[in-house]
Amino acid sequence: MNHVKELNKWANAHSYFTLDLVRIALGVFLFVKGVHFITNIPYLVDLISPIDKIGGGMFLIHYITPAHMIGGIMIAFGLLTRWAIIAQLPILIGAVLVNFMGEMHSESLFLALATLAVCIFFLFYGSGKNSADYYFKMYQ
Numbered sequence: 297m298n299h300v301k302e303l304n305k306w307a308n309a310h311s312y313f314t315l316d317l318v319r320i321a322l323g324v325f326l327f328v329k330g331v332h333f334i335t336n337i338p339y340l341v342d343l344i345s346p347i348d349k350i351g352g353g354m355f356l357i358h359y360i361t362p363a364h365m366i367g368g369i370m371i372a373f374g375l376l377t378r379w380a381i382i383a384q385l386p387i388l389i390g391a392v393l394v395n396f397m398g399e400m401h402s403e404s405l406f407l408a409l410a411t412l413a414v415c416i417f418f419l420f421y422g423s424g425k426n427s428a429d430y431y432f433k434m435y436q
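To convert, count from 1 in the sequence shown and add 296; that's my numbering.
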């Protein structure tokens, strides 16, 4: 717990508006991706078909879409950012692995790796000063 507090203090001391814009863009991207998956279920089923042989395909469909939509909103507003990113990490790791287990799509692999890298950064950095977390912490 002390380690998280130290990370929050460091992030608040080194908060930049551009990083907040990157966090908001990440949240909007994840939300839009969730909307794309929910409106195009056969595409999502086709994407997870290499992993579906293991089992749990219906669980994955019902986990990926809401996690992207709700997590995207939470990340964009900076509300429980680290928890929302922790929910995104299995999905993004799976997105990277799907490219190696099934048909390789280099643009999908690059997009998944870039999103995973930004999520890992914000997992350690936190939500920053321009976020709901900071507002609730300061004005409660």
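Glycine included, C-beta positions come from ideal geometry on N, C-alpha and C.
The model shown is predicted, which means the values in this text are computed figures rather than measured ones.
Boundaries of the alpha helix (DSSP H) around Gln-384: 377-397. Annotated as distal: Gly-374 and Leu-326, with beta-carbon spacing of 7 Å or more.
Boundaries of the alpha helix (DSSP H) around Ser-402: 402-421. When rounded, the separation of the alpha-carbon atoms in Val-328 and Cys-415 is 16 Å.
Counting along the chain, no alpha helix (DSSP H) covers Gly-374, and no H or E run does either. For Gly-424, there is no enclosing alpha helix (DSSP H), as DSSP marks it with neither H nor E. Per the coordinates, the alpha-carbon of Pro-346 lies some 6 Å from the alpha-carbon of Val-394. In the DSSP assignment, Tyr-339 falls within the unbroken alpha helix (DSSP H) covering 337-343.
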